[in-house]
Amino acid sequence: MNGELQQGLGTALAALRAGRDGEAQAQLDALLARWPNDPDALQLSGMVKRKRGDQAGAIALFRRSLEIRPAQPHVHHSLGNAYLALGRKAEARAAYAEALRHAPDNLDARIALGECEFEDGEAKRGCATLRKAIKQAPENGRAWASYGRALRADARHEEAIEALLRAAQLRPGHVGTLYNLAVALRLGGRVDEARLLLEECLKRNPDLFEARYVLGHCQQELGEVEAAARTYRAAIAARPTARDAHDSLSRLLWQHGDAQGYLQSYGEVLSAMPDEAPLLADLAAKLGQAGRLDEAVQLLRESMARGVETPDIAFRLGQSLAARKDDWLAEAVAPLRSAAEATPVDHGARYELIRVLMELGRLDEAQQALAPLRSAKPADQQGVALQALIWRALGDARADPLLDTDALVWAGVLEPPPGYGDIAGFNRDLAAALDRYHRGQRHPIEQTLRGGTQTVGELLDRDEPAIRALRGMLARAVTAFIARMPDGADQPLFARKAHDFRFSGSWSVRLATQGYHLSHIHPSGWISSCYYVAVPESIAQGSDDAGCLVLGKSNLDLGPADRVLRTIRPQSGLLALFPSYMYHATVPFESETPRLTVAFDVVPS
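Going by this note's numbering, the sequence shown opens with residue 2, and the numbers climb by one from there.
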């Protein structure tokens, strides 16, 4: 290497390490003016760009350096970091993989690759990559912490806790590791321990927003409603535009009877930031969920008149107009179409547009709007559900295998777990355990149940003997249900057949007299369910459909073709399993005795 060039690179590197970025950049610009193809000057200039926030500029320089000298694992690694900073995860993964190809012992690149994989939805792949990292460096705290996060993403909560405990031992006092351990503990049902650890995180770093927000979840799940509300409000005070914190506070207050104050946080922030589009859209959605559709429409139209126009604003306007039905239904098409064209193919605006077109009888247009989604994401449960409805409305026989309730639905009474003589005795203990988690006073505003309460958090992860026993019973029933599925079938339920599965959501619902469920599907599931814990005699022995589970009929106004295809009469100990894309509802009933159920979704693991 030219001595003058080498000296100049050393000067630039020293300036960069000392934090004198401008001086380093000026030195490198001068060097590149004379030696424009020097890979070291190019990559070092990329490091300066990256440090100053110019990720695109850094990427261009790293790539030029690699074109000249491909075997630079550290530059591939830096390139991956720059891609990741821009959210370009696929390119980041490719860069980290290339770094490992050139330097298989590059631990940082291996960790970064594994983190990218599980954050990109490939939890098992991320676990495998990070398992190699901890084998390579068994005393590396960062490797163990990342491995724990990957296990958590794969819903392997006990293993995640063990990995993160090891990371905490190797990184004593590291707040990020303690926070991730707390999250794993909460998801593993150890909510008390999670709360204590989050409080410790906040003592060490009072500005850690995420810890405060998750602490609110823990307090809510432990029944500490006032404390949870204070914690969510503190999180909002620290980060006023945090949508999730507003949402959590609003849902908490609504379920515990505060019909006046449940939207107060939105109003307080929007009074100071009236054009904050995400919060405006969220507030409109909340108003719509409470049936205050005129207020939602007015809020959104006034916002748009001020020039606040985003796809989410258009989506919520169309959604609110559609919910008003009658003459407003046709008016919903334009904003929904605008939002659908400006958002990803599986955005809620597209689903809502399709539903509106169907209710207007414009089935060909609905099919046209659905086609890109079905092509891009054939397993998308909302897409399958809407396709079945369109085909059925058109009299197309292709709907039949999607809605064949004889082949796709199973219902049967489960055997009790060991130690119980009958299922009734087990369900009495289970009902007592569930009662401790039904702490709300009314239905969740965003859910389909009416006239009842629903538990919060992942029910089947609770560390309760009766709930652990129930989980085992349900897992055995699901395993048998999957085993009966044909192999290699195109039918959407059967096409996802996998022997390994995981619970992706679980909760309990307690319906009071006149309670019911609106017809709905479970967009994030594969197989959905209802297990009946306690059933009023008037339902179990009834002669009508009151309190029954009905499948096949949607919540849309589609005419006589949209009808109930199967009715399941509840009884204590009965489990019903069905495709997550299949519309289902509960018929209202009259009884002094509540109807108590556990529901869950599973997905292929």
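The beta-carbon is built from N, C-alpha and C at its ideal position, and this holds for glycine as well.
All values reported here derive from a predicted model rather than from experimental measurement.
The DSSP-derived three-state label of G115 is helix. Rounded to whole angstroms, W329 and D545 show a C-alpha spacing of 36 Å. Annotation: G349 is outside any beta strand (DSSP E); the continuous alpha helix (DSSP H) that includes it extends over 349 to 360. Take the alpha-carbon of R440 and the one of T456: they are about 7 Å apart. Going by DSSP, V551 is part of the beta strand (DSSP E) stretching over 550 to 552. The Cβ atoms of V385 and P466 do not sit closer than 8 Å to each other. If one requires a minimum length of 4 residues, the alpha helix (DSSP H) runs lying completely within the segment 283 to 332 are 294 to 306, 312 to 325, 329 to 332, in chain order. The C-alpha of E163 lies about 17 Å from the C-alpha of L199.
Contact between A246 and A236 is confirmed by a C-beta separation of about 4 Å, below the 8 Å threshold. In the DSSP assignment, A138 is bridged to no other residue. K554 is the residue among E120, P571, D283, K554 whose C-alpha sits nearest the C-alpha of D563. Residue nearest to I424 within the set I60, F601, Q572 is Q572 (criterion: CA-CA distance). Secondary structure at S525: coil, using DSSP grouped into helix, strand and coil. Put simply, the backbone Cα of P37 is about 39 Å away from that of F119. Setting aside the 5 residues that flank it on each side, C549 is surrounded in the same chain by T568, R570, V588, each with a C-beta closer than 6 Å to its C-beta; the list follows chain order.
When the beta-carbon positions are compared, I112 and L131 come within less than 8 Å of each other. N206 and L280 have their alpha carbons spaced roughly 27 Å apart. Straight across, the Cα-Cα distance linking P580 with R307 is about 44 Å. Contact annotation: G489 and V604 have beta-carbon atoms that are not nearer than 8 Å. Taking 8 Å as the cut-off, the Cβ atoms of L576 and L475 count as close. Just so you know, the alpha carbons of T232 and I528 end up roughly 35 Å apart.
Annotated three-state conformation of S46 is helix, per DSSP. By the neighbour-count criterion, in which 16 or more other beta carbons inside 10 Å mark a residue as buried, P487 falls on the exposed side. P241 and L114 have their C-alpha atoms spaced approximately 33 Å apart.
Contact check for D462 against H158 passes: the beta carbons are separated by less than 8 Å. Around A154, the same chain offers F119, A124 as residues with beta carbons nearer than 6 Å, after the five sequence neighbours per side are excluded.
Beta-bridge annotation (DSSP): R511 is paired with T454, L597. Cβ neighbours of S251 within its own chain (closer than 8 Å, five residues either side excluded): Y263, L264, S266, Y267, K287, I446. Residue pairing by DSSP leaves L131 without any beta bridge partner.
Between the alpha carbons of V192 and W508 lies a gap of roughly 16 Å. The beta carbon of Y84 lies closer than 7 Å to those of I60, E92, A93, A96 in the same chain, with the five residues before and after it left out.
In the structure shown, H500 adopts coil according to DSSP, grouped into three states. Between E353 and A323 the beta-carbon gap is near 6 Å, inside 8 Å, which marks them as a contact. Taking C-alpha positions only, R325 is separated from L294 by approximately 7 Å. The way I'd put it, the segment 62 to 81 does touch the segment 32 to 50; three or more beta-carbon pairs between them come closer than 8 Å.
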